[in-house]
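Here the structure comes first, spelled out in structure tokens, and everything after it is commentary.
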Amino acid sequence: MCVEALPPPSARLTRRGVLAGAAALAGTVAAAAPAVAAPADRSASGGAARGGGLVIRGGTLLDPATGEVTENAVVVIRDGTVRAAGPRGSVAVPGGADVLDAHGRWVLPGLVDAHIHLSTAAEARDAVRQGATSARSGSTSFYQDIAVRELARHSPGLAPRLTAAGVFVTPDLGETVLADPDLTPLARLKDGVRSAEALRRVVEVNVARGADVIKTRVNERAGLPEQDPLTQVYSHEQLSELVAAARRRGKGVLCHSYSEQGCHDAVTAGIRSLEHGAFVGERTLDEMLRRGTYFTPTLTAIAGLAQSTDPVLAERGRTYLPVLERAVLAAHERGVPLAAGTDSSGGTVRPIGSEVELMRAAGLPALDAIRTATTGAARLLGLERTVGRLARGFAGDAILVDGDPLADVSVLTRPVRVVRAGVAL
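Residue 298 in numbering that gives the first Met the number 0 is what sits at position 299 of the sequence shown, and the numbering runs on without skipping anything.
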């Protein structure tokens with residue numbers, strides 16, 4: 000409970016001012032790289048699109064939505080949008096367009112990382128160059144993700160199209176109370192962010208600062224050896240209060256979870272997606288299917304724990320990974336929607352293709368594993384009409400890979416070329 004009533008949020012800060020501050024924290028001023036990675040080159044090796052747009056020609060095109068494979072395909076992108084896609088001879092190639100030669104390679108839509116922490120411009124660039132042309136933030140400490148989202152809007156080659164979460168709604172905000180003056184009164188609360196009033200306050204400040212979604216937790220962290228990921232930090236009642244506050248503002252909630260009881264409380268409280276969820280049980284998976292709740296297992300992050308030099312974390316990773324793999328397969332077999340997310344943070348950006356690879360290793364067919372980072376993740380982000388396919392009207396984001404991803408999904412971890420908004424990087 001609050002020990003004192005909280006004053007109302009201040010009107011002194013404008014959204015523009017907060018974005019400017021977040022932009023500085025994200026390092027966007029230092030990102031002097033141009034939006035186009037290279038000067039225009041009309042040779043067969045491809046290059047930056049100019050007024051005539053970009054044509055990706057000669058590759059094998061995969062449509063994740065249908066599973067259709069088109070050999071010797073042509074994709075025409077103009078003004079950042081796909082204008083036509085299909086077999087060569089059926090698609091008119093506009094004059095003056097730059098050409099990206101894709102012969103011998105497979106062409107897929109840009110991938111979606113549905114759980115990533117992007118706090119700097121360098122991390123944002125790394126994500127794009129590893130194939131994540133769209134993403135959803137898993138929160139940042141000082142609203143850097145909102146600045147990254149704005150960076151992507153005016154310089155798409157520098158950052159993925161981003162759904163921003165703002166700051167984490169968690170009992171102990173720590174230094175995050177300094178992210179905004181309207182959060183600082185929470186520092187005096189003896190029990191932290193737990194009361195209905197405090198939970199609403201963080202949601203309200205996030206929304207006021209431009210967050211697209213709300214991120215919270217129900218369990219402690221797996222990546223800190225001193226914490227127990229099965230310890231629950233928010234009750235069903237508290238989660239319900241938070242979800243209700245987010246819904247009143249038209250926002251969905253993603254929830255960091257591990258224990259079965261925590262997962263069940265989060266899902267029945269009405270969250271939009273369950274993150275991590277290693278010990279999610281059958282009753283909760285059935286509830287997720289009924290409600291349409293997404294599962295973002297972040298297998299990459301859990302597998303990474305197993306490689307830790309800390310013995311507690313290494314043992315945790317080795318124990319949790321097979322449990323999570325079984326949960327992923329059980330979710331898929333039931334029809335629970337899955338989305339791929341790496342949970343990259345701390346300056347290390349893992350390729351989203353690694354999550355697809357682990358989805359495949361968990362037992363998903365290759366095409367379904369690919370869908371978790373294309374059409375499935377796009378639906379979770381509300382981008383199903385613009386992201387996840389290379390079809391007319393969709394975003395001009397693509398990756399080129401050496402090899403058939405339906406035979407070996409690991410090729411997605413090594414894109415040989417990335418196209419972002421019609422620009423070959």
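Every residue gets a Cβ at the ideal spot worked out from N, C-alpha and C, and that includes glycine.
All values reported here derive from a predicted model rather than from experimental measurement.
Cβ neighbours of residue i in the same chain (closer than 6 angstroms, five flanking residues each side left out)
i	result
Arg282	none
Thr69	Leu60, Pro86
Thr295	Ala113, His114, Ser272, Glu274, Ala338, Gly340
His263	Thr283
Ala131	Leu110, Asp112, Pro159, Ile351
Ala277	Tyr257, Tyr319, Val322, Leu323
Asp211	Thr162, Ala163
Glu383	Ala377
Val386	Ser133, Ala377, Ala394
Ala420	Gly79, Pro155, Gly395
Ser344	His116
Lys250	Val212, Ile213
Phe167	Ser138, Lys214
Simplified DSSP state of residue i, which is helix, strand or coil
i	result
Ser136	strand
Thr59	strand
Thr267	helix
Val374	One detail in the question is off: residue 374 reads as Thr in this sequence, not Val. Reduced to three states, the DSSP call for Thr374 is helix.
Gln226	coil
Asp100	strand
Asp367	helix
Val201	helix
Gln231	strand
Ser42	Residue confidence is low: Ser42 scores 35 on pLDDT, short of 50, so the model does not pin down where it sits. No coordinate-derived value is stated.
His275	strand
Asp285	helix
Ser409	helix
Ala25	With a pLDDT of only 48 at Ala25, under 50, the local geometry of the prediction cannot be trusted, and no value is derived from it.
Thr292	coil
Ser256	strand
Gly261	helix
Thr385	coil
Asp125	helix
Ala397	strand
Arg419	strand
Leu107	strand
Pro298	Going by the sequence as given, residue 298 is Leu instead of Pro. It is helical.
Gly85	strand
Residue j beta carbon less than 8 angstroms from that of residue i
i	j	result
Val422	Ile398	no
Leu320	Ile301	yes
Leu366	Pro224	no
Leu411	Ala84	no
His255	Arg216	yes
Val335	Leu379	no
Gln432	Arg193	Residue numbering for the chain in the displayed model covers 0 to 424; residue 432 lies beyond these limits and cannot be assessed.
Ala268	Ser239	yes
Leu426	Val266	This structure gives no information on residue 426, because the portion of the chain shown stretches from 0 to 424.
Leu188	Val204	no
Leu185	Ala195	no
Val90	Val73	yes
Leu328	Gly381	no
Val98	Val75	no
Leu424	Arg77	no
Ala326	Val279	yes
Whole-angstrom C-beta distance between residue j and residue i, which should lie under 8 angstroms
i	j	result
Leu110	Ala372	4 angstroms
Phe393	Val92	Incorrect: roughly 18 angstroms between the Cβ atoms, too far for contact.
Glu174	Ser140	7 angstroms
Pro108	Pro63	7 angstroms
Arg246	Val206	No, Arg246 and Val206 are not in contact; Cβ-Cβ is about 11 angstroms, not under 8 angstroms.
Own chain, CB closer than 7 angstroms to residue i, minus 5 neighbours either side, in chain order
i	result
Gln260	Gln231
Leu357	Leu298, Thr299, Ala302
Gly103	none
Glu126	Rather than Glu, the amino acid found at residue 126 in this sequence is Ala. Taken in chain order, the residues that qualify are Asp112, Ile115, Leu117, Ala134, Pro159, Val348.
Val147	Ala25, Leu117, Ala123, Ala158, Leu161
Val408	Val355, Glu356, Arg359, Ala365, Ala368, Ile369
Pro228	Asn218, Glu219, Arg220, Ala221, Tyr257
Gly66	Leu366
Other residues of its chain near residue i: CB distance less than 8 angstroms, five sequence neighbours each side excluded
i	result
Val415	Arg104, Leu399, Val400, Asp401
Ala151	Ala123, Leu157, Ala158, Pro159, Arg160, Leu161
Ser234	Asp264
Asp403	Thr59, Trp105, Val410
Any non-hydrogen atom of the ligand MN closer than 7 angstroms to residue i Cβ
i	result
Pro404	Ligands in the displayed structure: none, and consequently the ligand MN is not present.
Can you give, in chain order, each stretch of the alpha helix (DSSP H) that sits fully within the stretch 311-364 and has at least 4 residues? 351-360
Return the chain-ordered ranges of every alpha helix (DSSP H) run that is complete within the stretch 127-195 and spans a minimum of 4 residues. 143-153
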